[in-house]
Structures are given as structure tokens and as C-alpha cells.
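So the structure is just underneath, and the comments pick up after that.
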Amino acid sequence: MTAPDLSARRIGAEAQPIAIVDGFHPDPAALRAAAATARFAPGRHHYPGLRAALPPDYFAAVRPALTAVLAGVFDQRGGVSLLDASFSIVTTPPDRLSVTQRLPHVDATDPARIALVHYLGEGDGTAFFRHRATGYETVDAARAPAYLATLNAELRRDGDPPATYVADSTPLFERIALVAARPNRAVIYRSALLHSGAIAPDAVLSDDPARGRLTVTAFLSLD
22 MTAPDLSARR IGAEAQPIAI VDGFHPDPAA LRAAAATARF APGRHHYPGL RAALPPDYFA
82 AVRPALTAVL AGVFDQRGGV SLLDASFSIV TTPPDRLSVT QRLPHVDATD PARIALVHYL
142 GEGDGTAFFR HRATGYETVD AARAPAYLAT LNAELRRDGD PPATYVADST PLFERIALVA
202 ARPNRAVIYR SALLHSGAIA PDAVLSDDPA RGRLTVTAFL SLD
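Residue numbers for the sequence shown follow our numbering, so the first one is 22 and each next one is one higher.
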């Protein structure tokens with residue numbers, strides 16, 4: 022078994038940390054096998070696809086790598102709470118995306134919230150963005166009212182964004198970083214970072230875990 026390979030960098034003008042871990046799980050083949058028999062259902066909270074429960078031992082298996090990331094990259098010395106975690110597959114065709122799903126987003130405005138995306142197959146990665154008008158790369162509770170007011174004014178002025186996943190720079194957002202997907206790679210970042218799945222126009226959006234964009238997505242809270 023190969024030890025996880027951790028790298029960290031700071032992105033954008035705000036120099037927010039992100040962590041990339043290759044070899045995140047000791048047995049990714051077993052994870053993919055578990056996903057093949059999992060019961061998927063439509064995702065909540067604007068997720069453009071399906072989600073299913075993880076094997077109960079998932080976090081025990083990734084704890085060494087995750088602990089190293091939280092301590093070494095996010096300077097976390099206290100407790101960590103798991104808020105949500107699941108297998109996830111993006112399945113929504115671009116022409117069926119809501120306006121919200123066509124834009125970069127944040128998962129939470131609390132800086133103590135951490136997001137994790139664990140890629141289990143080939144495919145598209147994760148992109149991070151700066152909102153051009155405000156210059157924001159993160160949106161916390163203090164920034165949220167001004168950010169939303171500016172963004173909504175832009176959408177009223179310009180109309181809805183194109184019906185596509187946002188993977189690169191647009192008139193409203195500048196891409197500041199891209200993490201490519203690799204099997205058994207995880208990217209870990211603050212939930213307040215503006216980001217999107219970097220899903221190409223010709224991506225295979227199958228609901229079959231063996232063919233689609235299969236990931237584990239998880240959300241943590243640092244105590």
C-alpha cells in the first residue's frame with residue numbers, strides 16, 4: 022500500500038489554502054465496487070445529480086490522510102465534526118441546469134467549514150473563481166449581502182448565463198485555479214471559496230457509477 026501524497030498551495034489574491042492528496046484511500050477499488058451496488062437518489066442543495074450512502078468505514082480508512090491535511094494545511098488542532106458525506110454522480114445535462122447551477126458557488130459562508138471532493142474515476146476536476154466585480158474569491162457572512170446584490174444586478178443586466186457548467190473564466194468570473202481529477206485524488210478546501218465542478222461540455226453524465234463522474238463529497242466543521 023502506497024502512502025498518500027499530500028501537496029498544498031495557496032490560490033488567488035486571497036491566498037486561500039487548498040490541499041491535494043493522491044492515494045487518498047487505501048482501497049479505491051473496494052470503494053468503486055461499493056458504489057456499483059449503492060442505492061442512488063436525487064441530490065439535495067442544488068447538487069446536479071445523484072447521491073448515495075458511503076460504506077461505514079470510509080472515514081476510518083482516510084483518517085490518516087485527512088488528519089494530516091487538517092493539521093498541516095488548515096492548522097486544525099481541535100475537534101472535527103462530519104456534517105454530510107456521500108457518493109456523488111453528476112448527471113444533469115447542461116440544458117437542464119438551473120441558473121444557480123451555471124454559476125460558481127460557495128457551500129457555506131462559515132470559514133470553519135471544510136469541503137472535500139474525492140475523485141474515484143477519470144473525468145473532470147474542480148475549478149476556483151474570483152468574482153470580477155467585487156474581487157471576492159471567498160464569500161463569508163459579512164461579504165454575502167454585497168456579493169449577492171452585485172451578482173443579482175449583473176444577472177438582471179446581462180440575462181441568465183449560458184446553459185453549461187462553468188469550467189473556465191466567464192464575463193462575470195475569473196478562474197484562479199484548477200485541480201484536475203485523477204482516480205483516488207482528493208481536493209480539500211474551505212467551503213467559502215467560490216468554486217464549481219469543472220465539467221466539460223462533452224463530459225459523460227451517466228448515472229452508472231462505473232462510467233459517470235463518481236466522487237465522494239463531504240463537508241466538515243472545524244471546532
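Cβ coordinates follow ideal geometry from the N, Cα and C atoms, glycine included.
Everything numeric in this text was worked out from a predicted model, so none of it was measured.
Once you ignore the five residues that flank residue 181 on each side, which residues in its own chain have a CB closer than 8 angstroms to its CB?
For the purposes of this step, residue 181 is identified with residue 160 of the sequence shown, where counting begins at 1. Once the five neighbours on either side are set aside, the close Cβ partners of residue 181 are 120 and 123.
Length of the line joining the Cα atoms of residue 24 and residue 44:
The residue given as residue 24 occupies position 3 in the sequence shown. The residue given as residue 44 occupies position 23 in the sequence shown. Those two C-alpha atoms are separated by around 7 angstroms.
Assigned secondary structure, residue 193 (DSSP; H/G/I helix, E/B strand, else coil)
Stepping through the sequence shown from its first residue, residue 193 is reached at position 172. Assigned with DSSP and collapsed to three states, residue 193 falls in coil, not helix or strand.
What is the rounded straight-line gap between the Cα of residue 78 and the Cα of residue 170?
In the sequence shown, counting from the first residue as 1, residue 78 sits at position 57. In the sequence shown, counting from the first residue as 1, residue 170 sits at position 149. Rounded to the nearest angstrom, the two C-alpha atoms are 43 angstroms apart.
Just reading off the alpha helix (DSSP H) that residue 90 is part of, what are its end residues?
Taking the sequence shown and counting its residues from 1, the one referred to as residue 90 is at position 69. Residues 79 to 93.
For residue 156, count the other beta carbons within 10 Å of its own beta carbon; 16 or more makes it buried, fewer makes it exposed. Which is it?
Translated into positions along the sequence shown, residue 156 becomes position 135. Burial check for residue 156: the Cβ neighbour count within 10 Å stays below 16, so the residue is exposed.
Using the Cα positions of residue 233 and residue 203, report the straight-line distance between them to the nearest angstrom.
Start at 1 with the first residue of the sequence shown, and residue 233 comes out as number 212. Start at 1 with the first residue of the sequence shown, and residue 203 comes out as number 182. About 14 angstroms.
Buried or exposed: residue 11, going by 16 or more other Cβ atoms within 10 Å of its Cβ?
Only positions 22 to 244 of the chain appear in the structure, and residue 11 is not among them; the question remains open.
Exposed or buried, what is residue 205 when buried is set at 16 or more other beta-carbons lying within 10 Å of its beta-carbon?
Residue mapping note: residue 205 aligns to position 184 of the sequence shown, counting from 1. Its Cβ being crowded by 16 or more others within 10 Å, residue 205 is buried.
Contact set for residue 198: own chain, Cβ-Cβ below 6 angstroms, skip 5 residues either direction
Position 177 of the sequence shown, counted from the first residue, corresponds to residue 198. Around residue 198: 32 and 149.
Does DSSP put residue 62 in a helix, a strand or coil?
To locate residue 62, count along the sequence shown from 1; it is residue 41. If DSSP states are grouped into helix, strand and coil, residue 62 belongs with the strands.
Cβ-based neighbour list, residue 144, same chain, cut-off 6 angstroms, excluding 5 preceding and 5 following:
In the sequence shown, the residue the question calls residue 144 occupies position 123. So the list reads 202 and 234, once near-sequence residues are dropped.
Under the three-state reduction of DSSP, which class applies to residue 124: helix, strand or coil?
As a first step, residue 124 must be located in the sequence shown, where it is residue number 103. Look at residue 124 here: in three-state DSSP terms it is coil, with no helix or strand label.
Please state whether the Cβ-Cβ distance between residue 76 and residue 70 is less than 9 angstroms.
Your numbering for residue 76 matches position 55 in the sequence shown. Your numbering for residue 70 matches position 49 in the sequence shown. Result no, Cβ atoms of residue 76 and residue 70 do not sit closer than 9 angstroms.
Comparing alpha-carbon positions, which option in 127, 36, 114 and 142 lies nearest residue 217?
Numbered from its first residue, the sequence shown carries residue 217 at position 196. Measuring from the Cα of residue 217, the nearest candidate turns out to be 127.
Can you tell me which of the three DSSP states residue 112 falls into?
The count along the sequence shown starts at 1 and reaches residue 112 at position 91. It is coil, neither helix nor strand.
For residue 239, which residues from the same chain have a beta carbon less than 6 angstroms from its beta carbon, with the 5 sequence-adjacent residues on both sides left out?
As a position in the sequence shown, residue 239 is number 218, starting the count at 1. So the list reads 106 and 137, once near-sequence residues are dropped.
Pick out the complete beta strand (DSSP E) segments inside the segment 188 to 242, 3 residues or longer, and give them in chain order.
194 to 200, 206 to 211 and 216 to 218
Considering residue 171, what are the terminal residues of the alpha helix (DSSP H) in which it resides?
Sequence index remark: in the sequence shown, residue 171 carries index 150 (1-based). Residues 165 to 179.
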